[in-house]
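J.:
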Amino acid sequence: MDWQISEDTVPSAPVTEADTRLMAGRPPATGAWQDGDPAGSRQFAWLGSFATETGGVLPHMRLAYETWGELNADASNAILVLHAFTGDSHVRGSAGPGHPTAGWWEDIVGPGAPLDTDRYFVVAPNMLGGCQGSTGPASIHPDGDHWASRFPYVTIRDQVAAQAALADRLGVGSWAAVVGGSMGGMHALEWAATHPDRVERLAVIAAPPANTADQIALNSTQLEAIEIDPGFAGGEYYEAAAGDGPHRGLALARRMAMLNYRGIVELNQRFQRSWQSDVSPLGHGGRFAVESYLDFHGNKFTRRFDANTYIRLVEAMDSHDVGRDRGGIEDALGRVTARTLVVGIDTDRLFPLEGQHRIARGIGSTIHGDDAIVISSDFGHDGFLIETDVLGHHLRALLA
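Under this note's numbering, think of the first position of the sequence shown as 88, with each following residue one higher.
(1) Taking contact to mean 3 or more Cβ pairs, one atom from each stretch, closer than 8 Å, check whether the segment 243-260 and the segment 422-437 are in contact.
(2) Thinking just about the alpha-carbon of each residue, which of Ala-225, Thr-242, Ala-484 and Ser-452 is nearest to the one in Ala-510?
(3) Can you tell me the Cβ-Cβ gap for Pro-333 and Ala-394, rounded? I've got them flagged as a contact below 8 Å.
(4) Going by DSSP, which residues form a beta bridge with Phe-137?
(5) Mapping DSSP to helix, strand and coil, what is Val-178?
(6) Is the separation between the beta-carbon of Leu-420 and that of Ile-446 shorter than 8 Å?
(7) Skipping 5 residues on each side, what residues in its chain have a beta carbon closer than 7 Å to that of Arg-179?
(8) Using only CA atoms, which one of Arg-422, His-147, Asn-164 and Pro-187 lies nearest to Gly-118?
(9) Below 7 Å CB to CB, which residues in the same chain sit around Thr-222 once its five sequence neighbours on both sides are set aside?
(10) Where Pro-98 and Asn-347 are concerned, what is the direct C-alpha to C-alpha distance, given to the nearest angstrom?
(11) To which residues of the same chain is Leu-276 closer than 6 Å at the C-beta, ignoring the five residues directly before and after it?
(12) Short check: CB of Gly-318 to CB of Asp-331, under 8 Å?
(13) Could you give the residue range of the alpha helix (DSSP H) that holds Gly-267?
(14) According to the Cβ coordinates, are Ala-438 and Pro-295 closer than 8 Å?
(15) Based on Cα-Cα distance, which residue from His-468, Phe-131 and Ile-462 lies nearest to Leu-482?
(16) On a CA-only basis, which of Arg-237, Ala-297 and Arg-244 is nearest Gly-415? Give me that one, please.
(17) Is Ala-182 near the ligand ZN, judged by its Cβ being under 7 Å from some heavy atom?
(18) Could you check where the beta strand (DSSP E) with Ile-432 kicks off and where it finishes?
(19) Examine the Cβ distances between the segment 163-175 and the segment 205-219 and report whether three or more of them are shorter than 8 Å.
(20) Give the DSSP bridge partners of Gly-197, in chain order.
(21) Span of the alpha helix (DSSP H) holding Arg-342?
(22) Please state whether DSSP places Thr-453 in a helix, a strand or coil.
(23) Would the beta-carbon of Ala-126 fall within 8 Å of that of Thr-396?
(24) Determine the extent of the alpha helix (DSSP H) in which Pro-292 is found, giving its start and end residues.
(25) Look up Leu-253 in the DSSP assignment and say whether it is helix, strand or coil.
(26) What's the gap between the Cα of Glu-326 and the Cα of Pro-115?
(27) Is it right to say Gly-135 is buried, meaning 16 or more other beta carbons lie within 10 angstroms of its own, or is it exposed?
(28) Considering just the uninterrupted stretch of the alpha helix (DSSP H) at Val-168, what are its terminal residues?
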């Protein structure tokens, strides 16, 4: 889980009056992209009926995706980039209609960049269950209403199966590389274990081999924050007026999650015990600056995301266990044949380094031996979105 859009991946900073004005007005019932909204750079693939691992059925599945570069004649130069929990397909490109912010990995994907679009055909889909153009809870059900609470439980493996269907549609039999961070790293690892013959190179960044009890526990509190909001209405809130949807619960879930995305050092250094205004927070009604920071980003988040989607994607993350039904994690990692890069962040509170080291030890084809590459950063889990110079160096080594 992480910020995953460019405006939010910058180092933390106190909230200004201009920031506050941006959040004026009542938030919509959902921040999901909806049919009829500007498509921006999105392309859409209708991939037919889809059955989930647990027996759910989507009669008509669609994935939204974006591409950069050109696919060569033998389709051997395609790279799959997989976004994190609250991200989308807009890896690079300007803000504009359909894309309220610029791309979230501009320094990694582009002409001459580590994932060089002069050389590679880069594909970034919005994951199944997402809310930025792919079929998810905010999408329209065949009966003409939203899927809402009826949207089926999906797993990481379901989402990878949907991505494999997209690869088939694009004519990509084997990816030159599959690259993902955080939840996208879960997808990347699952790709390499499920389809070892379709992944030539693999980059797993700031992701675990399985979601642990600690991570599941943290996630459960966020889901409860959404579900107890009266505006959630059991997931049936899409016709609610602005300000009447589950924005308070969703913002609170986001605030809770943010505390695991950012590093202790960064928050303490940037905010210390500073006040948001001249009014004291010590019994006089004022606020600490870090409180306003969390409020602002929680409220901002409600304008670009969807509460039902948040729940379904958290459930998908909790399903993540690359060793499930494969004899355990080590046996599953032994299936991976791709040339592999595993990267962790030394201050990551969400997915600590021990998980990345376990992945590196279990895969016999890493480019760096039995330990993951460790990036030193003050920014915690979000370091993989901010420390792009050092990450780009290692991605170039993977593709060399």
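Ideal Cβ placement from N, Cα and C applies to all residues, glycine included. Here the structure is a predicted model, which is why all the values come from computation and not from measurement.
T.: On the basis of the data shown:
(1) The segment 243-260 makes no contact with the segment 422-437, as fewer than three CB pairs between them are under 8 Å.
(2) Here the chain comprises residues numbered 88 to 487, so residue 510 is not present and cannot be evaluated.
(3) Ala-394 and Pro-333 do touch by the CB rule: their CB atoms are close to 4 Å apart, below 8 Å.
(4) Phe-137 is bridged to Leu-145.
(5) The three-state reading of DSSP puts Val-178 in coil, since its state is none of H, G, I, E or B.
(6) The answer is yes: Cβ separation under 8 Å.
(7) These residues qualify, in order along the chain: Trp-155, Gly-190, Trp-192, Glu-193, Val-196 and Gly-197.
(8) Residue Pro-187 is the option with its Cα nearest to Gly-118.
(9) So the qualifying residues of the chain are Leu-145, Met-148, Arg-149 and Leu-215.
(10) For Pro-98, the predicted model reports a pLDDT of 48, less than 50, meaning its position is unreliable; a value from the coordinates is still stated below. Here the alpha carbons of Asn-347 and Pro-98 stand approximately 15 Å from one another.
(11) Spatial neighbours of Leu-276 in its own chain (CB-CB distance under 6 Å, excluding positions within 5 residues in sequence) are listed in chain order as Val-291 and Val-409.
(12) In this structure, Asp-331 lies closer than 8 Å to Gly-318 by Cβ.
(13) Gly-267: not part of any alpha helix (DSSP H); member of the beta strand (DSSP E) spanning 264-268, first to last residue.
(14) One detail in the question is off: residue 438 reads as Phe in this sequence, not Ala. Cβ atoms of Phe-438 and Pro-295: closer than 8 Å.
(15) Ranking the options by Cα distance to Leu-482, first place goes to Ile-462.
(16) When only C-alpha atoms are compared, the closest one is Ala-297.
(17) Because no ligand of any kind appears in the structure shown, any question about the ligand ZN cannot be addressed here.
(18) Counted as a single uninterrupted DSSP element, the beta strand (DSSP E) harbouring Ile-432 occupies residues 426-432.
(19) Yes: the two stretches touch, three or more of their Cβ pairs being nearer than 8 Å.
(20) For Gly-197, which the question treats as bridged, DSSP gives the partners Asp-203.
(21) Under the DSSP assignment, Arg-342 falls in the alpha helix (DSSP H) whose first and last residues are 334-348.
(22) Three-state DSSP puts Thr-453 in a strand.
(23) Between Ala-126 and Thr-396, the CB-CB gap reaches or exceeds 8 Å.
(24) The sequence shown places Ile at residue 292, rather than the Pro named in the question. Per DSSP, Ile-292 belongs to no alpha helix (DSSP H); it is in the beta strand (DSSP E), 288-292.
(25) Note: Leu-253 maps to helix in three-state DSSP.
(26) A straight-line Cα-Cα distance of about 10 Å links Glu-326 and Pro-115.
(27) So Gly-135 counts as exposed.
(28) In the DSSP assignment, Val-168 falls outside any alpha helix (DSSP H) and lies within the beta strand (DSSP E) extending over 165-169.
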